[in-house]
Every structure is written in structure tokens, then in C-alpha cells.
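Report on the structure given below.
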Amino acid sequence: MFNRLRIGEILVDMGTVRPDHVAGALDQQREKGGLLGEILVDRRACEAKHVVAALARQLGYDAQESIDIETVDLSLIQDLNLRWTRDNGVLPLRHHSGQVIVACSDPLDITVCDHLRFVIQKEPVPVLVPRETLNSAINEAFNRKIRQIGGLTEGLEDAESPAGDDDVPEIEDILVGQESDDEAPVIQFVNSVFVRAVRERASDIHIEPGEQSLLVRFRIDGVLKEVAEPPKRFQASVLARIKIMANLNIAEKRLPQDGRIRIKIAGRDIDIRVATAPTSHGERITMRLLDKSSVNLDLESVGMAPGVLKLMRRLIRLPHGIIFVSGPTGSGKTTTLYSALSEINQPDKNILTVEDPVEYQLQGISQMQVNPKIKLTFSSGLRSYLRHDPDIIMVGEIRDKETAEIAIQASLTGHLVLSTIHTNDAAGVFTRLIDMGVEPFLVASTVVAAHAQRLVRRLCPSCRVAYTPSEEQLDEIGITQEQIAKVGTLYRATGCSECLQVGYSGRLGIHELLAVGDDVQKLIIRASDAGAIKRKAVEAGMISLREDGAAKVLAGVTTIDEVMRVTQLDEMEQS
75 MFNRLRIGEI LVDMGTVRPD HVAGALDQQR EKGGLLGEIL VDRRACEAKH
125 VVAALARQLG YDAQESIDIE TVDLSLIQDL NLRWTRDNGV LPLRHHSGQV
175 IVACSDPLDI TVCDHLRFVI QKEPVPVLVP RETLNSAINE AFNRKIRQIG
225 GLTEGLEDAE SPAGDDDVPE IEDILVGQES DDEAPVIQFV NSVFVRAVRE
275 RASDIHIEPG EQSLLVRFRI DGVLKEVAEP PKRFQASVLA RIKIMANLNI
325 AEKRLPQDGR IRIKIAGRDI DIRVATAPTS HGERITMRLL DKSSVNLDLE
375 SVGMAPGVLK LMRRLIRLPH GIIFVSGPTG SGKTTTLYSA LSEINQPDKN
425 ILTVEDPVEY QLQGISQMQV NPKIKLTFSS GLRSYLRHDP DIIMVGEIRD
475 KETAEIAIQA SLTGHLVLST IHTNDAAGVF TRLIDMGVEP FLVASTVVAA
525 HAQRLVRRLC PSCRVAYTPS EEQLDEIGIT QEQIAKVGTL YRATGCSECL
575 QVGYSGRLGI HELLAVGDDV QKLIIRASDA GAIKRKAVEA GMISLREDGA
625 AKVLAGVTTI DEVMRVTQLD EMEQS
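Mapping the sequence shown onto the numbering used here, position 287 (from 1) lands on 361, and the numbers just tick up by one.
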């Protein structure tokens with residue numbers, strides 16, 4: 075009688091796991107139940123692909139680690155429901171000798187095989203594939219199916235995915251087959267937009283109606299990019315779908331609305347802030363994506379130079395005073411503040427925040443979200459928090475004189491206050507507060523530092539190329555030939571498949587930290603202009619945004635064009 079090897083024995087024989095790993099997994103299986111392969115993967119004893127290979131060897135089937143979506147015969151899934159297909163882990167791939175090759179994760183489920191045989195009218199031949207890879211392929215196959223039947227996702231099929239298609243995320247709660255035929259393509263289109271946005275690391279999604287078109291654009295690394303232009307006839311359905319997901323009033327099209335969508339893509343929690351606004355060609359929708367699983371709240375990761383990082387760490391440990399972080403929208407101010415709070419968050423500190431909105435939950439910190447509808451504003455929230463014995467308070471933004479004065483009073487009574495303010499550079503923080511109506515002597519005595527930052531795109535390490543910049547470019551950014559001689563070369567962007575042909579991948583900060591000393595204090599008390607304050611700070615050793623950007627160009631992590639793009643306005647205003 076044939077004695078089939080067990081999965082654990084096969085994995086050991088393959089050299090994938092050690093016998094003691096299998097023994098430990100078997101103990102857990104006897105105690106709590108479950109499949110041995112899944113237990114071994116959970117215990118990090120092996121990878122899912124190893125278990126699939128062992129199962130294929132045990133059952134006598136073929137196995138593969140990936141699926142080429144281009145080779146999938148979409149006619150085989152025309153009569154299949156996406157939810158059923160994904161719940162049961164099967165995907166018909168292609169015809170072969172009168173049969174159909176089917177990717178699956180559990181070939182022993184007879185009920186699933188019988189159902190599939192009935193639908194496709196052919197004998198299914200299983201090929202084993204890791205479940206995560208299979209789910210991604212199913213999701214993409216059905217996206218392509220929807221494109222064929224509705225033409226709605228035209229443009230999305232051109233998406234360039236990063237290296238490693240196995241990591242392409244998927245929406246876990248797509249409801250296809252539960253709606254009418256007219257609705258399903260719209261729902262699939264919206265889900266496809268979310269999937270591609272997460273895949274390409276987009277921070278924002280813009281859906282913009284035109285006179286005869288509907289344009290979808292992503293903001294990737296701070297730059298907008300057109301990704302799709304579905305037919306105008308789908309405009310009302312697409313906008314209504316998004317508004318339903320965000321719990322907005324779909325009948326109200328004349329007034330702006332704000333909402334939020336929470337979805338899970340490939341196990342990652344994605345929080346989407348939704349804003350609508352009426353235009354002459356219909357409502358436009360802008361969505362800000364917050365991937366809570368990918369944020370790295372660490373001061374060392376925001377790109378500060380060693381000297382600036384050391385000074386910032388000293389400042390955030392002061393017992394009282396105000397530290398401002400300034401910059402335009404989307405320059406990473408909130409991430410810097412969160413990183414600072416994470417660093418000083420200790421059990422002996424009572425840290426409270428007032429935000430609009432609360433973007434990331436911080437363990438051990440009380441966070442309040444403002445709500446103007448019930449008159450919970452930055453100023454009222456900050457005033458309330460002062461009665462809760464805080465050590466450190468973070469105010470999402472100083473927008474008016476009332477909030478600024480409460481923050482100053484909090485500082486004067488022995489609290490450390492962190493906040494953001496919209497100015498072009500660090501020196502502009504002081505003139506902005508004075509313009510709000512705050513007395514100059516109060517600004518000088520309470521504000522201990524002003525920090526400005528920008529985000530520049532990081533060069534793709536796979537395709538950057540060395541080049542020789544012109545003398546005009548070097549003069550503009552302030553780089554000398556002597557500095558180039560020390561580093562050897564500078565780089566520019568080209569583009570490859572790994573960076574979606576843009577030449578950049580990810581972003582990093584350039585920073586300007588102005589610590590208030592005696593000389594700067596005197597200028598603030600005299601209500602001097604921002605230019606005079608900046609010149610005095612530079613004399614005292616402050617590194618400007620342009621200088622920090624030049625240092626990162628010399629380090630080969632960004633380009634002259636990027637630094638000039640984000641600092642051009644600041645230099646013009648200071649000149």
C-alpha cells in the first residue's frame with residue numbers, strides 16, 4: 075500500500091524547514107488546531123511558496139510562484155462571480171488539451187471543483203499557487219474583465235506596477251455579482267482606482283469633470299499625473315459611488331462636502347479623506363490617502379542633517395516654549411511633529427494633541443479632533459486641555475490670534491507647545507505671528523524655534539545617471555566645483571520600470587531650523603522683517619532650505635531641478 079509523505083516530512087526533505095520547527099508546529103496544531111503549513115508560515119519557519127511546493131509534491135500537481143496576468147484567458151471567467159472566485163481561491167488560466175488549467179490554493183475541495191467544472195464546461199486541472207499571489211491575480215483578471223465589458227477603466231490598464239507584482243494590493247471587500255449589471259463596472263472602476271493609487275504610492279486622487287470628459291489624476295511624490303479618462307456618461311455614477319462610500323449626501327451637489335472612507339487593501343488599513351466641490355461641469359472629488367501601515371514616525375527618517383537632528387532633539391526636550399513647523403500643504407509638517415512626539419513619548423509625560431483631522435493614532439497620547447459644527451475649535455480645544463495637567467501639547471495649526479495667544483499662555487505657564495503654521499520659511503513664522511496681532515515681545519519670549527521644510531523627490535537608485543550640470547545651475551543652487559570634486563559626480567533622473575518611468579521613487583525632506591538666540595530675539599522685539607531675521611540666523615550658523623537641498627544633491631539622493639522646484643519662491647521673496 076502506498077504511504078504518502080506528510081507535508082512536514084516533505085518540507086524537511088526539501089531542506090526548507092528544520093525538524094524541530096515541524097515538531098513545534100505539530101504541538102501547536104494538536105493544541106489549537108489549524109493547517110500545519112499555515113502554522114509554519116505564521117511561525118516564520120518557511121514561506122507560503124514553500125508550503126505550496128510541498129503540497130504540490132504530495133498530491134502530484136504542478137506548482138508555480140507567480141501568474142502572468144497577460145496569459146489569462148478572460149473568456150474563462152465571464153460567467154464567474156468575483157466574490158465566489160476569491161472566497162474559494164480559484165482562477166481559470168487557459169485551455170490545454172481539452173481541459174482548463176486552474177490556479178488554486180486548495181485542490182482537495184471537491185465542491186469547488188464540481189462548481190467550476192459545471193461553469194466552464196471543461197475538466198479543471200489544478201496548478202498550485204500561493205494564496206496572496208492568487209488573490210492579486212484574481213483581482214487584476216476581473217479588473218481586465220470589467221474593462222472589456224464596460225470600457226470604463228480605459229487608461230488604468232496602462233498602469234506600470236513596481237517590481238514584484240506579487241505585492242500588488244487588492245481590495246478585500248469588492249462586491250461584484252451583488253449589484254446590477256449597470257453598477258458593477260462603476261464599482262469595479264472605483265476599486266481599481268484605489269488599488270492603483272496604493273500600488274503607485276499616490277498621496278491624493280483627483281476626479282475632475284470636464285465639459286466632455288472625466289479626468290482621474292494621482293499626486294505621486296508631490297507631482298500630479300493623469301491616469302485615466304473614463305467616458306463622461308459614467309460621471310454621475312462614479313461620483314455617487316464615492317459619495318456613498320464616504321457617507322455623503324448624494325443628492326446635494328451644490329455645496330461642498332467632507333467625508334471619510336476606510337478600506338483595507340492587501341491587509342493594509344487605508345484611510346481616505348474625501349472632499350467634494352461643485353464646478354461648472356459637475357462635482358469634483360479630491361481624496362487624500364493615508365496608509366497607516368506604512369508611516370514611519372521616526373525623526374531620523376525625515377531627512378534632517380545630523381546637526382539639525384541633534385538640535386531638534388534638544389529643543390523638543392525643553393520644559394516649556396513653543397516650537398513651530400512651517401511649510402506649504404503636503405510638505406510633511408504633521409509627520410515631523412508626530413515623529414517628535416513619538417520620540418519624547420514617555421510614561422512620565424502627559425501629551426495631548428488638538429488636530430484637524432487626527433491622521434495617525436499615537437499610543438499613549440490623547441488626541442482630540444476639532445469639530446466646528448459643535449464649536450470645538452483649535453482655540454476651545456486647547457483651552458480645555460490646559461485643565462488636564464499637560465506636559466506637552468500639540469496644536470495641529472495656529473490659524474488665528476486667539477489660538478496663538480492661548481498657545482503663548484500655555485508656554486508661559488510651563489508647557490511645551492508644538493504646532494504648525496503656514497509660512498514660506500522659518501524666519502517668516504515670527505512675522506506671521508506678529509501680523510496676527512500677537513505682541514512682538516510675547517513672540518520673542520515664548521517661541522524657542524521655527525522649523526521650515528519641503529519634500530523633494532528621491533532619485534531612483536536603479537536608473538539615476540551621472541551628468542555634468544551647467545555653471546548656471548551650480549550658481550543658482552550654490553554648489554561649487556570644489557564640492558563636486560569631493561563627491562565625484564552629480565546625478566539626474568531618467569526613468570525605468572521600477573520607478574514608473576519618472577526617475578524618482580519616494581521623497582525626503584529638506585530642512586531649515588532656526589533656534590531663537592539673543593540676536594534674533596532683539597530683531598523680533600523690534601518687529602523686523604523676515605529677511606533680516608533670516609540673515610541674522612544664517613550668520614549664527616543656520617542652514618537654509620536651499621543649502622540643505624544642495625547637500626542632498628551632493629549626496630546623490632536628489633537633483634538640482636528638484637531642489638530648485640521647491641525652494642524657488644522662497645529665494646525670490648528673500649532677494
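Note that the Cβ used here is the ideal one computed from N, Cα and C, for glycine as well.
For clarity, every value in this text was computed on a predicted model and none was experimentally measured.
TODO: Within its chain, find whatever has a CB closer than 8 Å to the CB of D94; leave out the 5 residues flanking it on each side and keep chain order.
DONE: Taking the first residue of the sequence shown as position 1, residue 94 is located at position 20. Here the set comprises nothing.
Open item on the list: If contact is defined by three or more beta carbon pairs under 8 Å, each pair taking one atom from either stretch, is the segment 479 to 498 in contact with the segment 386 to 401?
Closed with: yes
TODO: Look up K327 in the DSSP assignment and say whether it is helix, strand or coil.
DONE: Along the sequence shown, one-based indexing puts residue 327 at 253. Residue state, collapsed to three classes: coil.
Open item on the list: When you compare the CB positions of R334 and R315, do they come within less than 7 Å of one another, or not?
Closed with: Counting from one through the sequence shown, the residue named residue 334 turns up at place 260. Counting from one through the sequence shown, the residue named residue 315 turns up at place 241. Cβ distance not < 7 Å, so R334 and R315 don't count as in contact.
Task: Proximity winner among D622, I551 and C570, relative to I634 (alpha-carbon distances) - done: Within the sequence shown, residue 634 is the residue found at index 560, counting from 1. Of the candidates D622, I551 and C570, the one whose C-alpha sits nearest the C-alpha of I634 is I551.
TODO: Tell me whether the beta-carbon of L597 lies closer than 7 Å to the beta-carbon of A606.
DONE: Within the sequence shown, the letter at position 523 stands for residue 597. Within the sequence shown, the letter at position 532 stands for residue 606. Yes; because the gap between Cβ atoms is below 7 Å, this pair is in contact.
Task: Reduced DSSP secondary structure (H/G/I, E/B, other) of Y541 - done: On the sequence shown, residue 541 is found 467 positions in, with the first residue counted as 1. Three-state result, Y541: strand.
- [ ] Tell me, please, which residues DSSP counts as bridged to I396.
- [x] As a first step, residue 396 must be located in the sequence shown, where it is residue number 322. Per DSSP, V491 and V521.
Task: Endpoints, the beta strand (DSSP E) within which D94 is located - done: In the sequence shown, the residue the question calls residue 94 occupies position 20. That residue, D94, is in no beta strand (DSSP E); its alpha helix (DSSP H) goes P93 to K106.
- [ ] Evaluate the contact criterion for the segment 104 to 122 versus the segment 181 to 197: three or more CB pairs, one atom per stretch, below 8 Å.
- [x] no
- [ ] Below 8 Å on the Cβ atoms is my guess for S416 versus L371; work out the distance and round it to an integer in Å.
- [x] For the purposes of this step, residue 416 is taken as residue 342 along the sequence shown, with counting starting at 1. For the purposes of this step, residue 371 is taken as residue 297 along the sequence shown, with counting starting at 1. Sure, about 4 Å apart at Cβ, within 8 Å.
Task: Buried versus exposed, by CB contacts within 10 Å (16 or more), Q420 - done: Counting from 1 along the sequence shown, the entry for residue 420 is found at position 346. The residue is exposed, with fewer than 16 neighbouring Cβ atoms inside 10 Å.
Open item on the list: Can you tell me which residues form a DSSP beta bridge with Y565?
Closed with: The residue given as residue 565 occupies position 491 in the sequence shown. BP columns for Y565 point to A540.
Task: Which of helix, strand or coil DSSP assigns to T360 - done: For the purposes of this step, residue 360 is taken as residue 286 along the sequence shown, with counting starting at 1. In the structure shown, T360 sits in a strand (DSSP, three-state: E or B).
- [ ] Report the rounded CA-to-CA distance for F263 versus I480, giving the unit in angstroms.
- [x] Residue numbering aside, residue 263 sits at position 189 when the sequence shown is read from its first letter. Residue numbering aside, residue 480 sits at position 406 when the sequence shown is read from its first letter. In a straight line, the C-alpha of F263 is about 47 Å away from that of I480.
Task: Sub-7 Å separation of R307 and L298 beta-carbons - done: The sequence position of residue 307 within the sequence shown is 233, counting from 1. The sequence position of residue 298 within the sequence shown is 224, counting from 1. Result no, Cβ atoms of R307 and L298 do not sit closer than 7 Å.
TODO: Could you check the C-alpha separation between R270 and I294 for me, to the nearest Å?
DONE: For the purposes of this step, residue 270 is taken as residue 196 along the sequence shown, with counting starting at 1. For the purposes of this step, residue 294 is taken as residue 220 along the sequence shown, with counting starting at 1. About 11 Å.
Task: Inter-residue Cα distance where the pair is E513 and S602 - done: On the sequence shown, position 439 is the one that residue 513 refers to. On the sequence shown, position 528 is the one that residue 602 refers to. Each residue's alpha carbon lies about 13 Å from the other.
Open item on the list: Between the alpha carbons of L167 and S266, how many angstroms are there, rounded?
Closed with: Residue 167 sits at position 93 when you count from the first residue of the sequence shown. Residue 266 sits at position 192 when you count from the first residue of the sequence shown. The straight-line gap from Cα to Cα measures roughly 21 Å.
- [ ] Let me know the secondary structure DSSP gives T477 once reduced to three states.
- [x] As a first step, residue 477 is located in the sequence shown; it is residue number 403 there, counting from the start. Helix, per DSSP.
Open item on the list: Per DSSP, what are the beta-bridge partners of E586 in this structure?
Closed with: Within the sequence shown, residue 586 is the residue found at index 512, counting from 1. BP columns for E586 point to A526.
Open item on the list: Using 7 Å as the threshold, is the C-beta distance between T520 and S485 below it?
Closed with: For this step, residue 520 is matched to residue 446 along the sequence shown. For this step, residue 485 is matched to residue 411 along the sequence shown. Result yes, Cβ atoms of T520 and S485 sit closer than 7 Å.
Open item on the list: One question on the structure: do A518 and L588 come within less than 7 Å of each other, judged by their Cβ atoms?
Closed with: Taking the first residue of the sequence shown as 1, we reach residue 518 at position 444. Taking the first residue of the sequence shown as 1, we reach residue 588 at position 514. Result no, Cβ atoms of A518 and L588 do not sit closer than 7 Å.
Open item on the list: Using the Cβ count rule (16 or more neighbours within 10 Å means buried), how would you classify P380?
Closed with: Walking along the sequence shown from the start, residue 380 turns up at place 306. When all chains shown are included, P380 counts as exposed.
Task: Counted within 10 angstroms of its Cβ, other Cβ atoms place E214 as buried (16 or more) or exposed - done: Position 140 of the sequence shown, counting from 1, holds the residue named residue 214. Result: buried.
Open item on the list: Considering only DSSP beta bridges, list what K299 is partnered with.
Closed with: On the sequence shown, residue 299 is found 225 positions in, with the first residue counted as 1. Per DSSP, F292.
- [ ] Using three-state DSSP, classify Y412 as helix, strand or coil.
- [x] Stepping through the sequence shown from its first residue, residue 412 is reached at position 338. It is helical.
Open item on the list: Assuming M442 is part of the beta strand (DSSP E), what are its boundary residues?
Closed with: As a working note, residue 442 is residue 368 in the sequence shown. First-last of the beta strand (DSSP E) with M442: S440 to Q443.
Open item on the list: Considering only their Cβ atoms, is the gap separating I339 from T350 smaller than 7 Å?
Closed with: As a working note, residue 350 is residue 276 in the sequence shown. As a working note, residue 339 is residue 265 in the sequence shown. The answer is no: Cβ separation not under 7 Å.
Task: Inter-stretch contact (C-beta, 8 Å, three-pair minimum) for the segment 531 to 541 and the segment 558 to 576 - done: yes
- [ ] State yes or no: is the C-beta of S405 within less than 7 Å of the C-beta of L289?
- [x] As a first step, residue 405 is located in the sequence shown; it is residue number 331 there, counting from the start. As a first step, residue 289 is located in the sequence shown; it is residue number 215 there, counting from the start. Not a contact, by the Cβ cut-off of 7 Å.
Task: A478 versus K407: straight-line alpha-carbon distance, rounded - done: For the purposes of this step, residue 478 is taken as the residue at position 404 of the sequence shown. For the purposes of this step, residue 407 is taken as the residue at position 333 of the sequence shown. If I take the Cα positions, the gap works out to 18 Å.
Task: G82 and L110 closer than 7 Å at C-beta - done: On the sequence shown, position 8 is the one that residue 82 refers to. On the sequence shown, position 36 is the one that residue 110 refers to. For G82 and L110, yes; Cβs fall inside 7 Å.
Task: Where D239 sits in the DSSP three-state scheme - done: Taking the first residue of the sequence shown as position 1, residue 239 is located at position 165. With a pLDDT of only 36 at D239, under the threshold of 50, the placement of this residue in the model should not be trusted, and no figure is reported.
Open item on the list: Between S579, G580, Q547 and V576, which has its C-alpha nearest L564's C-alpha?
Closed with: Against the sequence shown, residue 564 aligns to sequence position 490. Taking only the C-alpha atoms, the option nearest L564 is Q547.
TODO: Kindly list the residues whose CB is nearer than 7 Å to the CB of P543, restricted to its own chain and excluding five residues on each side of it in sequence; keep chain order.
DONE: On the sequence shown, residue 543 is found 469 positions in, with the first residue counted as 1. Cβ neighbours of P543 beyond the five flanking positions: L564 and I634.
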